[in-house]
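Residue numbers (mature numbering (1 follows the signal peptide of the UniProt record, and there is no 0)): -19 to -1, 1 to 294. Comments concern the structure below.
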Ligand SMILES: [Zn+2]
């Protein structure tokens, strides 16, 4: 059955001289899905280069050239990509933009803001401009791909998008989509089973990237640097975090790739607990992409670490 579909897709592609559409994505999870569904039927380019911290990305003139040659530009959200509107307007590519945040289930930052507000009250004495920074946190949490439920929606949405733009390769996209969704759903089942057994559902992570995961499984998320991975907490905030680790019996302090682990190391050392990586998957390295390491593998490894950190079976 699978073989037959592949063969017919191949025949179709070879008899119609369709030139592959060019797809540009911003954050890695969008790239990852587009790559799985589009395969060799699309020309795929990531705007945010592999190996960089995604929140700090700022496009260059070369990126503008990339975008102007694109047929589809898939973005994650305005709060993750605040630079987007200006570029889209200047290149006049409004009709090519596809904003994924309109197709997933979003969470607001209301709850997290209460905590940040306290922190920033402390900061304000020293830096009068800190208050302005707080408003960046208002609205929605941009890390929706960390929820497997949303990742499934994203996969279904990109499949529909590709079929709509390039119906010639419909069978190919559907086949890839079905194969990929089978894997994602199997992973979600593993999460569901494990998360039902945890006895200490609290995590301390580098930045507030795991809110969607936390909502899905009733986990309390604490973070070192709020919504910006490179923000440094004050000495007072660090000592509060050390107390938090002790009081809440947190056994692991998580840091992430592409941001400094220094504060996490300080806290873990002072509280005498383990330090480990927990990756939000905002990006991967060039080398990882080359060897086929991606979203599913990151989530799989995260699961093992979360199980240890939250005392799950
Ligand atoms: Zn983030």
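Even glycine gets a Cβ: it sits at the ideal position worked out from N, Cα and C. Predicted, not measured: the structure shown is a model, and the values here were computed from it.
Residue 222 and residue 70 have their C-alpha atoms spaced approximately 43 Å apart. The region 38 to 54 and the region 166 to 184 do not touch, with fewer than 3 CB-CB distances between them shorter than 8 Å. Cβ-Cβ distances below 8 Å link residue 134 to 84, 85 and 86 in the same chain, with the five nearest sequence neighbours on each side left out; the list follows chain order. Considering only 192, 283 and 276, the residue with the shortest C-alpha distance to residue 235 is 283. Not a single heavy atom of ligand 1 lies less than 6 Å from the C-beta of residue 15.
Just measuring C-alpha positions, the residue of 269, 189, 166 and 65 sitting nearest residue 125 is 189. Taking a cut-off of 8 Å for Cβ pairs, the region 196 to 204 and the region 243 to 262 do not touch, as fewer than three such pairs fall below it. Under the 10 Å beta carbon count, residue 227 is surrounded by fewer than 16 other beta carbons and is classified as exposed. Contact annotation: residue 72 and residue 48 have beta-carbon atoms nearer than 7 Å. Straight-line spacing of the CA atoms in residue 142 and residue 250 works out to 48 Å. As computed with DSSP, residue 25 is found in a beta bridge with 4. With a cutoff of 7 Å on beta-carbon distance, residue 290 and residue 233 are scored as near each other.
DSSP places residue 287 inside the alpha helix (DSSP H), whose first and last residues are 276 to 290. Ligand 1 never approaches residue 245 closely enough for any of its heavy atoms to be under 6 Å from the residue's Cβ.
Between residue 267 and residue 31, the gap from beta carbon to beta carbon is short of 7 Å. Here residue 183 carries a strand assignment [DSSP, helix/strand/coil]. For residue 203, the enclosing beta strand (DSSP E) has its first and last residue at 201 to 204. The C-alpha of residue 139 lies about 22 Å from the C-alpha of residue 271.
No Cβ-Cβ contact shorter than 7 Å links residue 191 with residue 244.
Less than 7 Å divides the Cβ of residue 57 from the Cβ of residue 8.
Residue 186 sits buried, since 16 or more C-beta atoms from the chains shown fall within 10 Å of its C-beta.
For the set 279, 167 and 4, the Cα lying nearest the Cα of residue 264 is the one of 279.
Beta bridge pairing from DSSP links residue 53 with 4. With a cutoff of 6 Å, residue 190 counts as near ligand 1, since its C-beta is closer than that to a heavy atom of the ligand. Taken through DSSP and simplified to helix, strand or coil, residue 194 comes out as helix. Here residue 4 is buried: its Cβ has 16 or more other Cβ atoms, across all protein chains shown, within 10 Å.
Residue 136 carries a helical assignment under DSSP once its states are collapsed to helix, strand and coil. Our two residues, residue 62 and residue 144, have alpha carbons roughly 26 Å apart in a direct line. Cβ-Cβ distances below 8 Å link residue 88 to 121, 122, 125, 192, 193 and 196 in the same chain, with the five nearest sequence neighbours on each side left out; the list follows chain order. Scanning its chain for C-beta atoms nearer than 6 Å, with the 5 sequence neighbours on each side dropped, one finds around residue 294 the residues 178, in chain order. Inter-residue distance for residue 160 and residue 275 is about 16 Å (C-alpha atoms, whole angstroms).
Residue 136 counts as buried, since no fewer than 16 other beta carbons sit within 10 angstroms of its beta carbon.
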